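Residue numbers (our numbering), protein chains in the order written: chain A, 35 to 148; chain B, 4 to 114. Glycine residues also receive a C-beta, built at the ideal position from the N, C-alpha and C atoms. Small disclaimer: the values here were computed from a predicted structure and weren't measured. To start, the structure itself, in structure tokens.
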Amino acid sequence: DAGITQSPRYKITETGRQVTLMCHQTWSHSYMFWYRQDLGHGLRLIYYSAAADITDKGEVPDGYVVSRSKTENFPLTLESATRSQTSVYFCASLITGTGDYGYTFGSGTRLTVV
Amino acid sequence: KQEVTQIPAALSVPEGENLVLNCSFTDSAIYNLQWFRQDPGKGLTSLLLIQSSQREQTSGRLNASLDKSSGRSTLYIAASQPGDSATYLCAVIHYGQNFVFGPGTRLSVLP
Chain A
35 DAGITQSPRY KITETGRQVT LMCHQTWSHS YMFWYRQDLG HGLRLIYYSA
85 AADITDKGEV PDGYVVSRSK TENFPLTLES ATRSQTSVYF CASLITGTGD
135 YGYTFGSGTR LTVV
Chain B
4 KQEVTQIPAA LSVPEGENLV LNCSFTDSAI YNLQWFRQDP GKGLTSLLLI
54 QSSQREQTSG RLNASLDKSS GRSTLYIAAS QPGDSATYLC AVIHYGQNFV
104 FGPGTRLSVL P
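Set out below in structure tokens:
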């Protein structure tokens, strides 16, 4: 199916563990993003990527690492998970055609750090 | 720094009512504005995208307007249905930059 696929949908991990959230798009959108959504904070940008091998920090990057070796994949890694990283994580890509400059979101990954 | 607010934070209406959701932004030099719907436990679904050169966009029972000079957008939902119950978010973007999201309006349409 075309679109953005995130995996896993749900993940429980222990404090201190490394965990990687996957994001795959079937288009060739240049821009991809990782957001986290928390009650009281709304959607906050973690990292984004303008193209393969180009990434940049967003509003809340600490504790996260991203890579973009291929245009279609944009994994997010929590190097040493903490309870404060319990959240719902959304991956998105940006359509950048003339005028149609808008987001498409994945279904999200609900991460619980215990 | 762009700030986006949405009023009301929550809204509960009986089925069949027409309703308006409001989105305000502080920096009017936006490129586009996008309205999303989010169902509980789900991702964001794009509803309408308004380019900065446009005044409004329509899709079915939804109509979104944009007034850049006053920093406002409204989402009008006609003849509301229980299936419209969700959280509605607006987001603004400046060209070459990221979206800034509002906190959302939680809508409940009662049968």
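For residue i, the three-state DSSP class (helix, strand or coil)
| i | result |
| --- | --- |
| Gly86 of chain B | helix |
| Ser121 of chain A | strand |
| Phe28 of chain B | strand |
| Glu59 of chain B | strand |
| Thr62 of chain A | The displayed chain sequence assigns Ser, not Thr, to residue 62 of chain A. Of the three classes helix, strand and coil, the one that applies to Ser62 of chain A here is coil, per DSSP. |
| Phe108 of chain A | coil |
| Leu22 of chain B | strand |
| Lys91 of chain A | strand |
| Gly76 of chain A | strand |
| Asp70 of chain B | strand |
| Gly136 of chain A | strand |
| Ala12 of chain B | coil |
| Val112 of chain B | strand |
| Val147 of chain A | strand |
| Ala81 of chain B | coil |
| Ala115 of chain A | coil |
| Ala85 of chain A | strand |
| Ile33 of chain B | coil |
| Tyr98 of chain B | coil |
Check: residue i C-beta below 8 Å from any heavy atom of the ligand PLP
| i | result |
| --- | --- |
| His75 of chain A | What this structure holds is no ligand at all, so the ligand PLP is not there to describe. |
Contact set for residue i: own chain, Cβ-Cβ below 7 Å, skip 5 residues either direction
| i | result |
| --- | --- |
| Glu18 of chain B | Ser83, Gln84, Pro85, Val112, Leu113, Pro114 |
| Ser49 of chain B | Gln37, Phe39 |
| Gly74 of chain B | Ser27, Phe28, Thr29, Ser31 |
| Ile46 of chain A | Thr146, Val148 |
| Gly92 of chain A | Leu79, Ile80, Tyr81, Tyr82 |
| Ser88 of chain B | Leu110, Ser111, Val112 |
| Thr39 of chain A | His58, Gly140 |
Contact set between residue i and chain B, taken where Cβ atoms lie within less than 8 Å
| i | result |
| --- | --- |
| Thr138 of chain A | Ser49 |
| Gly92 of chain A | Asn101 |
Contacting residues, own chain, Cβ-Cβ under 8 Å from residue i (five flanking each side not counted)
| i | result |
| --- | --- |
| Glu59 of chain B | Ile53, Asn66, Ala67, Ser68, Leu69 |
| Ile96 of chain B | Ile33, Tyr34, Asn35, Leu36, Gln37, Phe102, Val103 |
| Thr89 of chain A | Tyr81, Tyr82, Ser83, Val100, Ser101, Arg102 |
Chain-order list of residues whose beta-carbon lies under 6 Å from that of residue i (same chain, five-residue window excluded)
| i | result |
| --- | --- |
| Leu55 of chain A | Leu110, Tyr123, Thr143 |
| Arg109 of chain B | Ala13, Thr90 |
| Met66 of chain A | Ser83, Phe108, Ser127 |
| Leu77 of chain A | Tyr69, Gln71 |
| Ala81 of chain B | Asn21, Arg64 |
| Ser62 of chain A | Thr105 |
| Ala85 of chain A | Ser64 |
| Val23 of chain B | Thr77, Tyr79 |
Neighbour list for residue i in chain B, Cβ cutoff strictly below 7 Å
| i | result |
| --- | --- |
| Ser141 of chain A | Lys45, Gly46 |
Under 7 Å by beta carbon: chain A residues contacting residue i
| i | result |
| --- | --- |
| Leu14 of chain B | Chain A residues near Leu14 of chain B: none, gap ~17 Å exceeds 7 Å. |
Proximity test, Cβ basis, 9 Å: residue i and chain E
| i | result |
| --- | --- |
| Arg51 of chain A | As a matter of chain content, chain E is missing from the structure shown, whose protein chains are A and B. |
Chain B contacts from the stretch 70–87 of chain A (Cβ-Cβ distance under 7 Å): Gly76, Leu77, Leu79, Tyr82
Contact list for the stretch 31–47 of chain B against chain A, Cβ threshold 7 Å: Tyr34, Asn35, Gln37, Lys45, Gly46, Leu47
Chain A contacts made by the stretch 103–114 of chain B, where a contact means CB separation under 8 Å: Phe104, Gly105, Pro106, Gly107
The stretch 100–123 of chain A: positions lying closer than 9 Å to chain B by Cβ: Val122
The stretch 52–69 of chain A touching the stretch 100–120 of chain A, judged by at least three CB pairs closer than 8 Å: yes
Interface residues of the stretch 49–79 of chain B facing chain A [CB-CB below 7 Å]: Ser49, Leu52, Gln54
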